[in-house]
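Engineer: Would you mind keeping the following structure in view while I ask a few things?
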Amino acid sequence: MADLTINVFDIVGPIMIGPSSSHTAGAVRLGKLARLIFGNEPKKADIFLHGSFAKTYKGHGTDVALVAGLLGFDPDDDRISQALELAKNVGLEIKFIPADLGSVHPNTVKFVLSGAKKTRTILGSSIGGGNIVVTQIDDFVVDLRGNYNTIIATYTDRTGMVASLSALLAEGKVNIAQMKVARVDKGAEALMVIETDNPIDDITITKIRQLEGIQSLFRIPPI
Amino acid sequence: MFYKTIAELVKKAESLNCPISTIVIENQAKELEVSEEELIKQMDKNWSVMIEAMERGINKDVKSVSGLTGGDAKKLHLAHLNGSSISGGPVMEAVARALAVAEVNAAMGKIVAAPTAGSCGVLPAVMYVVAELKKSSRDAVIRAFFTAAGFGIIIARNASISGAEGGCQAECGSASCMAAAAAVELAGGTPSQAAHAGAIALKNVLGLVCDPVAGLVEVPCIKRNAMAASNAMVAADLALAGIESKIPVDEVVSAMREIGNSMPATLRETACGGLAITPTARLLERQIFDAMDN
């Protein structure tokens, strides 16, 4: 389907490190989004590569690009080609594992990121032209594209949580573009992804954190 | 909302007696809710990155990550400086520069997708050479990029700019069409001539498949950038001489979509057909991946 929002800088642009918008630029964005979802600097990253990513990752620099993203770089960062070395310098331990991740997009990657206290699994695909989608965070099915201001909240599933959270956002004058709730089971841990048109201020974030049942909350800027 | 067809764009420009770029800039400033100055500034930044990539490619020893490509832009540029060319000065200059940017892309250098990374050499090479020939100001070059981008938006919406969807015609073909149109504007041609140049350039590459060796953006992609740049220059010259495309550009774009839709998946960036499955390609593929595994 034709994208009606396409503009001049989608055509002459973006500025990026080559060679491929899907296998390099998209891979950097996937790494960066995974880092933001993880919440802080991972110490260890097991990177499972599927399909075309598994087949051509070395020639396209997909491996280097994913790690550059994990280091927080943007797709036009001159340091991308040295990412593996730079990761070593900051003590980020990387392992690449070609794998069959099932019936997913051909350019799919699974990150298993660990730090001192936590491990998180993030599944995402590079779907063309540098566009990406994260489809799974741990056991939760999500649809996260990194184009919006986003908040991700984990909480204990209960009646009224969505209503009270969106009331706080309305109070903070934040317009919701998209909202998705995922849970493993009724009453169990749930995850909410909210994409908003404008950034969410600190006061609103603090208020949301104080809601009963909220376990974690973090903000992701558009990448 | 952007213009739905190139014909609409041309009509509007001719009714206001202004170049197509003026119409595109006005529209995009409104759509993106930014000032025209901001648009120009962003495009200026793109042009700087393009120039750096061209200079790097023709002057430095560039080598791709796979080791398969690199150094040809420099080689060709030297041949050009020695005057040993058959196709002539401006074409040699453009082709060397198109190779340069495409080689820098394959070497994980910084480029501007135009419209894609795989076809990133065409537009900068043509714009550089036409600007030199016509002694255009930097501002005129920057503005002409909006004409190229305007054509690209319409192609992306009415057909495709993705090799995985429409083959190489959608990437290098679109780039060639965009470059031809912008070259005409920069050379002082009319909006209608820009449309004819775009049509002629695109017609010449209809049916071109995407069959990258080992799935990498190198062979034949880099040399196809060179071909698409020279094709754009020839198409611009034809249009500037008053030669018209019998088939209007919007119908050529529709034809490209239809051809893309009937192209088998093996010839759409999957590396499962065409040049990608020749014995030599298979051998190169094995060599590249064996070398990388070790």
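Chain order of the listed sequences is A and B.
Mapped onto this note's numbering, the consecutive letters of the first sequence carry residue numbers 6 to 228.
Mapped onto this note's numbering, the consecutive letters of the second sequence carry residue numbers -14 to 279.
Where is the CB? At the ideal position from N, CA and C, for every residue including glycine.
Does the structure place the stretch 69 to 78 of chain B close enough to the stretch 18 to 32 of chain B that three or more beta carbon pairs sit under 8 Å?
Structural biologist: Fewer than three Cβ pairs drawn from the stretch 18 to 32 of chain B and the stretch 69 to 78 of chain B lie within less than 8 Å of each other, which leaves the two stretches out of contact.
Engineer: Evaluate residue 187 of chain B with the Cβ neighbour count: other Cβ atoms within 10 Å of its Cβ, from every protein chain shown; 16 or more gives buried, anything less gives exposed.
Structural biologist: As a working mapping, residue 187 of chain B is identified with position 202 in the second sequence. Residue 187 of chain B comes out buried.
Engineer: Going by Cα to Cα distance, which pick from A:172, A:200, A:145, A:210 is closest to residue 187 of chain A?
Structural biologist: As a first step, residue 187 of chain A must be located in the first sequence, where it is residue number 182. The shortest Cα separation from residue 187 of chain A among A:172, A:200, A:145, A:210 belongs to A:145.
Engineer: Note down the Cα distance separating residue 76 of chain B from residue 258 of chain B, rounded to an integer number of angstroms.
Structural biologist: Taking the first residue of the second sequence as position 1, residue 76 of chain B is located at position 91. Taking the first residue of the second sequence as position 1, residue 258 of chain B is located at position 273. Approximately 31 Å between the Cα atoms of the pair.
Engineer: Taking C-alpha atoms, which residue in B:100, B:83, B:250, B:253 lies nearest to residue 142 of chain B?
Structural biologist: Counted from its first residue, the second sequence places residue 142 of chain B at position 157. Closest option to residue 142 of chain B, Cα to Cα, is B:100.
Engineer: Can you tell me which of the three DSSP states residue 55 of chain A falls into?
Structural biologist: One-based indexing of the first sequence puts residue 55 of chain A at position 50. Looking at residue 55 of chain A - three-state DSSP - the assignment turns out to be strand.
Engineer: In angstroms, rounded to a whole number, what distance separates the CA positions of residue 6 of chain A and residue 85 of chain B?
Structural biologist: Translated into positions along the first sequence, residue 6 of chain A becomes position 1. Translated into positions along the second sequence, residue 85 of chain B becomes position 100. Any reading at residue 6 of chain A must be qualified, since the residue scores a pLDDT of 40, below 50, and its modelled position is unreliable; no value is offered.
Engineer: Output the boundary residues of the beta strand (DSSP E) element that contains residue 222 of chain A.
Structural biologist: Taking the first residue of the first sequence as 1, we reach residue 222 of chain A at position 217. Segment 219 to 225, the beta strand (DSSP E) holding residue 222 of chain A.
Engineer: Compute the Euclidean distance between the alpha carbons of residue 135 of chain B and residue -13 of chain B, then round it to the nearest angstrom.
Structural biologist: To locate residue 135 of chain B, count along the second sequence from 1; it is residue 150. To locate residue -13 of chain B, count along the second sequence from 1; it is residue 2. If I take the Cα positions, the gap works out to 9 Å.
Engineer: Comparing alpha-carbon positions, which option in A:223, A:61, A:127, A:191 lies nearest residue 51 of chain A?
Structural biologist: The residue labelled residue 51 of chain A in the question sits at position 46 within the first sequence. Here the closest residue by C-alpha is A:127.
Engineer: Let me confirm a value: residue 208 of chain A is counted as buried when at least 16 other C-beta atoms fall within 10 Å, else exposed. Which label applies?
Structural biologist: Taking the first residue of the first sequence as 1, we reach residue 208 of chain A at position 203. Residue 208 of chain A comes out exposed.
Engineer: Taking buried to mean at least 16 other C-beta atoms within 10 Å of its own C-beta, is residue 220 of chain A buried or exposed?
Structural biologist: Here the question's residue 220 of chain A lines up with position 215 in the first sequence. Under this definition residue 220 of chain A is an exposed residue.
Engineer: For residue 64 of chain A and residue 201 of chain B, what's the separation of their Cα atoms in angstroms?
Structural biologist: Counting from one through the first sequence, the residue named residue 64 of chain A turns up at place 59. Counting from one through the second sequence, the residue named residue 201 of chain B turns up at place 216. Each residue's alpha carbon lies about 6 Å from the other.
Engineer: Grab me the residues of residue 111 of chain A's own chain with a C-beta within less than 7 Å of its C-beta, minus the 5 sequence neighbours each way, in chain order.
Structural biologist: As a working mapping, residue 111 of chain A is identified with position 106 in the first sequence. Excluding residues within five positions, the ones whose Cβ falls inside 7 Å are 56, 57.
Engineer: Identify whether residue 6 of chain A lies in helix, strand or coil by the three-state DSSP scheme.
Structural biologist: Start at 1 with the first residue of the first sequence, and residue 6 of chain A comes out as number 1. Annotation note: pLDDT 40 at residue 6 of chain A (below 50); position unreliable, coordinate value reported separately. Residue 6 of chain A: coil per DSSP, three-state reduction.
Engineer: Return the residue from the list B:-10, B:278, B:171 that minimises the CA-CA distance to residue 321 of chain B.
Structural biologist: Here chain B comprises residues numbered -14 to 279, so residue 321 of chain B is not present and cannot be evaluated.
Engineer: Pairs of beta-carbons, one from the stretch 245 to 256 of chain B and one from the stretch 210 to 220 of chain B, closer than 8 Å: are there three or more?
Structural biologist: no
Engineer: Run through DSSP, which three-state label would residue 170 of chain B get?
Structural biologist: In the second sequence, the residue the question calls residue 170 of chain B occupies position 185. Here residue 170 of chain B sits in helix by DSSP.
Engineer: Starting from the N-terminal side, write out each stretch of the alpha helix (DSSP H) that is 4 residues or longer and does not extend beyond the stretch 111 to 153 of chain B.
Structural biologist: With a minimum length of 4 residues, the continuous alpha helix (DSSP H) runs that stay inside the stretch 111 to 153 of chain B are 123 to 143, 148 to 151.
Engineer: Let me make sure I understand the geometry here. Which of B:182, B:183, B:268, B:91 has the alpha-carbon closest to that of residue 203 of chain B?
Structural biologist: Locating residue 203 of chain B in the second sequence gives position 218, counting from the first residue. The shortest C-alpha separation from residue 203 of chain B is found at B:91.
Engineer: Identify each residue in the stretch 10 to 23 of chain A for which the Cβ-Cβ distance to at least one residue of chain B is less than 7 Å, and report them in chain order.
Structural biologist: 11, 12, 13, 14, 16, 17, 18, 19, 20, 21, 22, 23
Engineer: Going along chain B in order, which residues have a C-beta closer than 8 Å to the C-beta of residue 83 of chain A?
Structural biologist: Numbered from its first residue, the first sequence carries residue 83 of chain A at position 78. The contacting residues are 95.
Engineer: Can you tell me where the alpha helix (DSSP H) holding residue 274 of chain B begins and where it ends?
Structural biologist: Looking up residue 274 of chain B in the second sequence gives position 289. First-last of the alpha helix (DSSP H) with residue 274 of chain B: 264 to 278.
Engineer: Residue ranges of each beta strand (DSSP E) run of no fewer than 3 residues wholly in the stretch 83 to 139 of chain A, ordered along the chain?
Structural biologist: 98 to 103, 112 to 119, 124 to 133
Engineer: Between the stretch 128 to 141 of chain A and the stretch 18 to 37 of chain A, can you find at least three pairs of beta-carbon atoms closer than 8 Å?
Structural biologist: Touching, per the Cβ criterion.
Engineer: What's the gap between the Cα of residue 108 of chain A and the Cα of residue 44 of chain B?
Structural biologist: As a first step, residue 108 of chain A is located in the first sequence; it is residue number 103 there, counting from the start. As a first step, residue 44 of chain B is located in the second sequence; it is residue number 59 there, counting from the start. Rounded to whole angstroms, residue 108 of chain A to residue 44 of chain B spans 46 Å at the Cα level.
Engineer: Leaving aside the five residues before and after residue 180 of chain A along the sequence, list all residues of the same chain whose C-beta is less than 7 Å from its C-beta, in chain order.
Structural biologist: For the purposes of this step, residue 180 of chain A is taken as the residue at position 175 of the first sequence. Contacts found: 201, 202, 203.
Engineer: Mind pulling the beta strand (DSSP E) runs of 3 or more residues that sit fully within the stretch 7 to 40 of chain B?
Structural biologist: You should have found no qualifying run.
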